[in-house]
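The structure appears below as C-alpha cells.
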Amino acid sequence: MLIYHFGTKDQLVADVLHASIDRSTGHIAALPPSADLRSAVIDLWVAAQTAPVDGCNRLYVEASALGLFGREPYASAVRVGNERWMAALVGHLTRSGVEETRAVRAAELVDAAFMGFQLDLPLDLDPEARLRTVTDLADTLAALP
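Numbering (the numbering used here), first residue to last: 8 to 152.
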C-alpha cells in the first residue's frame with residue numbers, strides 16, 4: 008500500500024534511490040580521514056564493500072541496468088545523487104590531506120573504477136586479485152601530480 012503514499016511506482020522507486028544515496032553518501036562523509044591519498048582509495052574501497060554502502064551501490068547498479076536513469080523522475084534523482092556521491096568522495100580525499108583539484112581528479116577516477124569493479128564483483132573468483140587491482144589504482148592515483 009506504499010504506492011498510495013508515493014502516488015506512482017516511479018515516484019516510489021525514485022524516493023528509494025534518494026534514500027539509498029543519502030545513506031551511502033552519509034556513510035562516506037562520516038569516514039575518518041585516511042593517512043594519504045593511497046590509503047584513502049583503499050579505505051573508500053573497503054567502505055564501498057561494507058554495509059550500507061554496498062547495498063546502496065548495488066541498488067544503483069540494478070536501477071541503471073533496468074534503464075531507469077534516462078527518464079524522469081529517475082534522471083533528476085540520479086543527477087543529484089551523483090553530485091552528492093562525488094562531493095562525498097572529494098570530501099573524504101580532502102579530509103585526508105589531498106589538495107582540492109587533485110582530489111576532484113582522483114575522485115572521478117575512483118568513481119569510474121569502482122563502478123566497473125562493482126559490476127564485476129558477482130563474477131570475481133579471487134578477491135585478492137580484486138584487492139591488488141584496487142591497490143594498483145591507489146598507487147597510480149598517489150603518483151598523480
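Backbone N, C-alpha and C fix where the C-beta goes; we use that ideal spot for every residue, glycine too. Because the structure is a prediction, the values reported are computed rather than measured.
Applying the 10 Å Cβ sphere with the 16-neighbour rule, what's the burial state of residue i?
i	result
residue 15	exposed
residue 50	buried
residue 27	buried
residue 57	exposed
residue 88	buried
residue 151	exposed
residue 84	buried
residue 119	exposed
Using a beta-carbon distance below 8 Å, is residue i in contact with chain D?
i	result
residue 101	Checking the listed chains, one finds no chain D in this structure; it contains a single protein chain.
Could you please give the first and the last residue of the uninterrupted alpha helix (DSSP H) stretch that includes residue i?
i	result
residue 146	134-149
Measuring only from the beta carbon, is residue i closer than 7 Å to any heavy atom that is part of the ligand MN?
i	result
residue 70	Looking at this structure, you won't find the ligand MN or any other ligand, since it has none at all.
Does residue i come out as helix, strand or coil in the three-state DSSP assignment?
i	result
residue 90	helix
residue 105	coil
residue 79	coil
residue 123	helix
residue 118	helix
Excluding sequence positions up to five away, which residues of its chain have a Cβ less than 8 Å from the Cβ of residue i?
i	result
residue 54	34, 35, 38, 60
Less than 7 Å between C-beta atoms, sequence neighbours within five positions excluded: which residues of the same chain meet that for residue i?
i	result
residue 102	40
If you drop the 5 nearest sequence neighbours on each side, which residues of the same chain put their C-beta closer than 6 Å to that of residue i?
i	result
residue 121	55
Problem set entry | Every unbroken alpha helix (DSSP H) inside the segment 29-77 [4 residues or more] | 44-55, 60-72
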